[in-house]
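Inspection log for the structure reproduced underneath, given as structure tokens.
Protein chains: 2
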Amino acid sequence: MPVNLTPTPPERLRAIAGARLGITAAGIKKPGRPDLTVIALDPGSRVAGVFTQNRFCAAPVTVCRERLAQGHAIRALVINTGNANAGTGSQGLADARRACAEVARLLKCDEQAVLPFSTGVILEPLPMDRLLAGLPAAVADLAPDRWDKAAQAIMTTDIVPKARSATVTIDGHTITLTGMAKGSGMIHPNMATMLGFIATDAAIGQAALEALTRFAADESFNCITVDGDTSTNDSFICIATGRAGNPEITDTASAAFAALREAVTQLARWLAQAIVRDGEGATKFMTIQVNGGKSRAECRQVAYAIARSPLVKTAFFASDPNLGRILAAIGYAGIEDLDVNRLRLYLGDVLVAEQGGRAAGYREEQGAAVMQAPEILVRVELERGDACATVWTCDFSYDYVRINAEYRS
Amino acid sequence: MPVNLTPTPPERLRAIAGARLGITAAGIKKPGRPDLTVIALDPGSRVAGVFTQNRFCAAPVTVCRERLAQGHAIRALVINTGNANAGTGSQGLADARRACAEVARLLKCDEQAVLPFSTGVILEPLPMDRLLAGLPAAVADLAPDRWDKAAQAIMTTDIVPKARSATVTIDGHTITLTGMAKGSGMIHPNMATMLGFIATDAAIGQAALEALTRFAADESFNCITVDGDTSTNDSFICIATGRAGNPEITDTASAAFAALREAVTQLARWLAQAIVRDGEGATKFMTIQVNGGKSRAECRQVAYAIARSPLVKTAFFASDPNLGRILAAIGYAGIEDLDVNRLRLYLGDVLVAEQGGRAAGYREEQGAAVMQAPEILVRVELERGDACATVWTCDFSYDYVRINAEYRS
Numbered sequence: 061m062p063v064n065l066t067p068t069p070p071e072r073l074r075a076i077a078g079a080r081l082g083i084t085a086a087g088i089k090k091p092g093r094p095d096l097t098v099i100a101l102d103p104g105s106r107v108a109g110v111f112t113q114n115r116f117c118a119a120p121v122t123v124c125r126e127r128l129a130q131g132h133a134i135r136a137l138v139i140n141t142g143n144a145n146a147g148t149g150s151q152g153l154a155d156a157r158r159a160c161a162e163v164a165r166l167l168k169c170d171e172q173a174v175l176p177f178s179t180g181v182i183l184e185p186l187p188m189d190r191l192l193a194g195l196p197a198a199v200a201d202l203a204p205d206r207w208d209k210a211a212q213a214i215m216t217t218d219i220v221p222k223a224r225s226a227t228v229t230i231d232g233h234t235i236t237l238t239g240m241a242k243g244s245g246m247i248h249p250n251m252a253t254m255l256g257f258i259a260t261d262a263a264i265g266q267a268a269l270e271a272l273t274r275f276a277a278d279e280s281f282n283c284i285t286v287d288g289d290t291s292t293n294d295s296f297i298c299i300a301t302g303r304a305g306n307p308e309i310t311d312t313a314s315a316a317f318a319a320l321r322e323a324v325t326q327l328a329r330w331l332a333q334a335i336v337r338d339g340e341g342a343t344k345f346m347t348i349q350v351n352g353g354k355s356r357a358e359c360r361q362v363a364y365a366i367a368r369s370p371l372v373k374t375a376f377f378a379s380d381p382n383l384g385r386i387l388a389a390i391g392y393a394g395i396e397d398l399d400v401n402r403l404r405l406y407l408g409d410v411l412v413a414e415q416g417g418r419a420a421g422y423r424e425e426q427g428a429a430v431m432q433a434p435e436i437l438v439r440v441e442l443e444r445g446d447a448c449a450t451v452w453t454c455d456f457s458y459d460y461v462r463i464n465a466e467y468r469s
Numbered sequence: 061m062p063v064n065l066t067p068t069p070p071e072r073l074r075a076i077a078g079a080r081l082g083i084t085a086a087g088i089k090k091p092g093r094p095d096l097t098v099i100a101l102d103p104g105s106r107v108a109g110v111f112t113q114n115r116f117c118a119a120p121v122t123v124c125r126e127r128l129a130q131g132h133a134i135r136a137l138v139i140n141t142g143n144a145n146a147g148t149g150s151q152g153l154a155d156a157r158r159a160c161a162e163v164a165r166l167l168k169c170d171e172q173a174v175l176p177f178s179t180g181v182i183l184e185p186l187p188m189d190r191l192l193a194g195l196p197a198a199v200a201d202l203a204p205d206r207w208d209k210a211a212q213a214i215m216t217t218d219i220v221p222k223a224r225s226a227t228v229t230i231d232g233h234t235i236t237l238t239g240m241a242k243g244s245g246m247i248h249p250n251m252a253t254m255l256g257f258i259a260t261d262a263a264i265g266q267a268a269l270e271a272l273t274r275f276a277a278d279e280s281f282n283c284i285t286v287d288g289d290t291s292t293n294d295s296f297i298c299i300a301t302g303r304a305g306n307p308e309i310t311d312t313a314s315a316a317f318a319a320l321r322e323a324v325t326q327l328a329r330w331l332a333q334a335i336v337r338d339g340e341g342a343t344k345f346m347t348i349q350v351n352g353g354k355s356r357a358e359c360r361q362v363a364y365a366i367a368r369s370p371l372v373k374t375a376f377f378a379s380d381p382n383l384g385r386i387l388a389a390i391g392y393a394g395i396e397d398l399d400v401n402r403l404r405l406y407l408g409d410v411l412v413a414e415q416g417g418r419a420a421g422y423r424e425e426q427g428a429a430v431m432q433a434p435e436i437l438v439r440v441e442l443e444r445g446d447a448c449a450t451v452w453t454c455d456f457s458y459d460y461v462r463i464n465a466e467y468r469s
């Protein structure tokens with residue numbers, strides 16, 4: 061069951077001027093389930109993206125990278141669930157381009173102006189006949205107020221659709237942002253996660269939008285893990301339609317840039333945390349905070365060692381303060397010169413370990429009380445520098461095994 | 061249930077001249093269960109060891125390292141289960157030394173001649189009163205033919221005691237080897253695993269024994285993983301009592317050294333694989349073989365990415381040839397310049413993927429047939445060099461979660 065996560069009511073999701081969404085059920089994996097989404101953008105929109113670092117990246121990731129690198133003005137996105145189009149070789153690339161070409165024909169734009177996205181099972185060819193047959197219905201459905209439907213249509217093992225809106229005032233103009241994301245398993249993003257999209261009506265230059273996108277990804281999707289598996293399809297896309305009327309933001313040192321970056325980052329962080337809350341089999345949401353490191357990189361290393369450990373994750377599932385497992389993970393995180401006698405480990409506000417062992421005042425009941433809650437803070441004070449990092453993760457339950465032993469069937 | 065692993069019948073375990081073992085039930089964690097073992101060595105025995113690289117190493121590991129580094133002639137080992145004496149700070153070190161001192165008093169040897177070993181729960185103080193009270197009974201029990209009892213007395217969540225004997229002829233002398241190991245979870249050794257011991261009556265010099273021990277560890281315990289968690293207590297110890305009558309082996313380029321090293325390595329590999337077969341919740345035993353890499357290190361990196369992936373491990377549990385998950389793991393293993401279009405993936409003898417996608421001749425029934433077996437070979441041909449590496453692991457089942465959610469209770 062998702063941890064403290066309910067669907068955002070549709071009326072609280074705001075349309076973004078210049079962006080329309082259309083959804084249909086193309087029967088890509090199962091009949092009758094919305095699985096195909098087209099997002100059409102008005103001329104003048106800008107798009108930036110970051111993608112998985114997995115060497116076995118999916119065909120649509122390759123196509124997106126190419127088209128964004130070549131600076132094509134993007135007019136549409138096409139997103140299918142039910143099949144990842146990954147591990148599909150040259151046929152997969154041809155299929156991704158063919159889907160874009162068909163969207164371009166229907167929308168009367170250049171085919172290089174379309175970006176493809178896929179999510180679902182790996183190593184199986186995309187069912188092109190059904191996908192192509194579904195596109196006219198998706199295009200016919202295009203409307204600005206379809207974010208709730210789109211958030212549902214991009215889900216795989218997700219239980220809760222993940223979408224949210226926000227507004228921020230910049231230079232006297234109200235800027236609106238709406239984002240959605242999907243992902244529940246194979247979540248250990250390296251650059252971005254399995255399909256996250258944020259659209260805003262802000263006017264912003266391409267270079268500034270790209271800088272903002274990288275920053276937001278690093279502070280959100282790149283700080284989560286469910287199972288330590290980096291997906292082949294991770295993609296995080298920021299769209300700026302430029303319709304809010306604000307003076308175009310081009311200076312990355314400006315207050316306007318900072319305000320928009322903060323708004324996008326907050327939304328991205330909410331979406332990233334929503335993925336963890338809806339992580340496969342999750343019953344607990346854990347924040348792993350590592351402070352006092354020599355660098356952000358080493359803090360992340362320690363945080364991820366804890367967040368990935370199956371032993372730590374099963375102990376959280378059991379609400380068992382078996383905290384030696386956290387110490388063991390800190391110890392094998394790979395920091396060669398770590399002095400374990402200096403660090404302190406807190407569970408919530410409770411000091412659990414210091415001077416290489418259990419804290420003198422610690423009582424098991426205190427740890428057990430913190431572990432009962434659905435949201436748990438693990439804090440490590442390394443006491444060797446000023447850097448810090450935070451990672452969000454979930455526990456490891458019977459249901460994780462069930463979901464992943466049954467997926468595909 | 062352990063995968064193709066049954067206890068070695070006691071009569072097939074050979075005594076090693078010069079080594080006696082004594083076991084008792086000291087009630088360290090639970091009353092009535094054998095949990096305390098003393099191994100007494102005749103004068104002239106040589107001992108070498110390798111230990112965990114976990115920075116949060118247990119107190120007994122620190123004491124072992126010190127005493128071996130200082131070149132003390134080792135006369136006894138004391139091993140308890142039920143408590144790891146890890147994350148116990150300065151008190152833990154004092155406790156480990158106190159246990160050794162008491163063994164030394166009972167055996168009338170120098171206290172620096174005793175090595176301590178612990179395994180069990182982390183972050184709880186060793187119950188010294190019960191441990192010290194149990195030592196006289198363990199010493200009174202000392203006899204050469206107790207390997208089967210000792211292999212049981214060092215278990216934690218292990219289901220099957222893991223011990224085995226072998227003989228090899230060197231320079232016309234029959235050399236006998238007997239080894240035992242324990243470990244089932246928190247298994248991802250980095251140098252050695254959670255308590256492995258091999259004793260031989262061979263005569264071998266200290267430097268040669270140390271070289272042999274490192275080699276055997278690298279080819280056995282350092283090639284397995286159950287859950288990716290490197291323990292705080294990993295220790296692998298080789299004992300040579302020198303009673304076989306062979307000329308002392310000192311030249312590491314000699315045929316005698318090679319023969320003994322091969323015998324020890326084979327035994328260590330059997331013990332390491334036995335740990336995987338008895339991995340927590342294991343239902344399948346997987347051999348991950350990566351060939352054609354530029355270096356052994358990168359082959360190990362790819363093999364471990366596959367072996368650690370919860371998605372791969374749950375797919376094996378389900379006998380589901382969801383092989384895209386293996387490609388995804390290869391892709392995120394961290395080899396920056398990997399050309400995924402060149403590599404080939406085999407499941408058993410079946411070519412599953414090549415040229416970046418599913419092999420043309422592959423049929424799902426073939427993959428499913430291989431997955432049904434309790435022992436599965438995954439082979440990756442990287443096609444970029446001559447190096448190779450093999451890693452052994454097990455699947456991820458409901459029982460892994462159950463065992464680790466319940467451990468301690």
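In order, the protein sequences belong to chains E and P. Quick note on numbering: the numbering used here labels position 63 of the first sequence as 123, and the sequence is numbered without any gaps. Quick note on numbering: the numbering used here labels position 116 of the second sequence as 176, and the sequence is numbered without any gaps. C-beta: ideal position from N, C-alpha, C; glycine also.
Would you say ALA100 (chain E) and LEU128 (chain E) are within 9 Å of each other, going by their C-beta atoms?
no
From the DSSP output, which residues share a beta bridge with GLU424 (chain P)?
Note: GLU424 (chain P) sits in no beta bridge, so no partner.
Using 8 Å for Cβ pairs, my map puts THR450 (chain P) next to CYS283 (chain P). What's the rounded Cβ distance?
6 Å
Can you pull the chain E neighbours of CYS117 (chain P), defined as C-beta to C-beta under 9 Å?
GLY391 and VAL400
Which first and last residues belong to the beta strand (DSSP E) in which LEU407 (chain P) is found?
404 to 407
In chain order, what residues of the same chain lie with their CB nearer than 8 Å to the CB of VAL438 (chain P), ignoring the 5 residues before and after it?
MET346, THR347, ILE348, GLN349, ILE366, ILE386, LEU405, TYR406 and LEU407
Could you round the C-beta distance between SER457 (chain E) and THR343 (chain E) to whole angstroms and report it? I think they count as a contact, below 8 Å.
5 Å
Neighbour-count burial assignment, LYS547 (chain P), 16 or more Cβ in a 10 Å radius:
In this structure chain P extends from 61 to 469, so residue 547 (chain P) is not present and cannot be described.
Run of the alpha helix (DSSP H) containing ARG329 (chain E), from where it starts to where it stops:
315 to 337
Bridge partners - ASN351 (chain E), DSSP secondary structure assignment
E:GLU441
Run down chain P in chain order and give the residues with a C-beta less than 9 Å from the C-beta of PRO69 (chain E).
Within 9 Å Cβ-Cβ: nothing; PRO69 (chain E) doesn't reach chain P, min ~33 Å.
Contact set between the stretch 239 to 251 of chain E and chain P, restricted to residues whose Cβ is under 9 Å from the partner:
GLY245, MET246, HIS248 and ASN250
CB ILE319 (chain P) to CB ARG224 (chain P), shorter than 9 Å?
Note on identity: in this sequence residue 319 (chain P) is Ala, with Ile being the wrong assignment. Result no, Cβ atoms of ALA319 (chain P) and ARG224 (chain P) do not sit closer than 9 Å.
Please report the distance separating the alpha-carbon of ALA144 (chain P) from that of LEU398 (chain P).
41 Å
Got a sec: which bits of the stretch 169 to 196 of chain P sit with their beta carbon under 7 Å from any beta carbon on chain E, in order along the chain?
VAL181, ILE182 and LEU183
Using the C-alpha atoms, what's the distance from PRO70 (chain E) back to THR229 (chain E)?
23 Å
In angstroms, rounded to a whole number, what distance separates the CA positions of LEU175 (chain E) and ALA197 (chain E)?
18 Å
Chain-order list of residues whose beta-carbon lies under 8 Å from that of ALA193 (chain E) (same chain, five-residue window excluded):
ALA86
Please tell me whether GLN361 (chain E) has its Cβ less than 9 Å away from any Cβ of chain P.
no
For ILE395 (chain P), which residues in chain E fall below 9 Å Cβ to Cβ?
ARG115
Can you list, in chain order, the stretches of the beta strand (DSSP E) that have 3 or more residues and sit fully within the stretch 90 to 176 of chain E?
96 to 101, 106 to 111 and 136 to 141
Any contact between the stretch 209 to 224 of chain E and the stretch 117 to 126 of chain E? By contact I mean 3 or more CB pairs, one from each, below 8 Å.
no
Please classify ILE366 (chain P): does DSSP put it in a helix, a strand, or coil?
helix
Over what stretch of residues does the beta strand (DSSP E) that includes VAL228 (chain P) continue unbroken?
222 to 230
Check whether the Cβ of ASN464 (chain P) lies closer than 9 Å to any Cβ atom in chain E.
yes
Please report how far the alpha carbon of ASP95 (chain P) lies from the alpha carbon of ASN382 (chain E), in whole angstroms.
21 Å
Could you tell me which residues DSSP puts in a beta bridge with VAL451 (chain P)?
P:ILE348
Cross-chain neighbours of GLN415 (chain P) in chain E, by beta carbon under 8 Å
GLY149 and SER150
CB ALA340 (chain P) to CB ILE463 (chain P), shorter than 9 Å?
The identity of residue 340 (chain P) in the sequence shown is Glu, whereas the question assumes Ala. Cβ atoms of GLU340 (chain P) and ILE463 (chain P): closer than 9 Å.
Can you check whether the C-beta of TYR458 (chain E) is within less than 9 Å of a C-beta belonging to chain P?
yes
Grouping DSSP H, G and I as helix and E and B as strand, with all else coil, what is ALA375 (chain E)?
helix
Run the CB neighbour count on GLU466 (chain E), radius 10 Å, all protein chains shown included, and call it buried at 16 or more, exposed below.
exposed
Tell me which same chain residues have a C-beta within less than 6 Å of the C-beta of THR312 (chain P), skipping the five on either side of it?
ALA268 and ALA271
Once DSSP output is grouped into helix, strand and coil, what is the label at PHE257 (chain E)?
strand
May I ask you to list the residues that DSSP assigns as paired with CYS298 (chain P)?
P:ALA108 and P:ILE258
By a C-beta neighbour count over all protein chains shown, 10 Å radius and 16 as the cutoff for buried, is ARG506 (chain E) buried or exposed?
Since the first residue of chain E shown is 61 and the last is 469, residue 506 (chain E) is not available in this structure.
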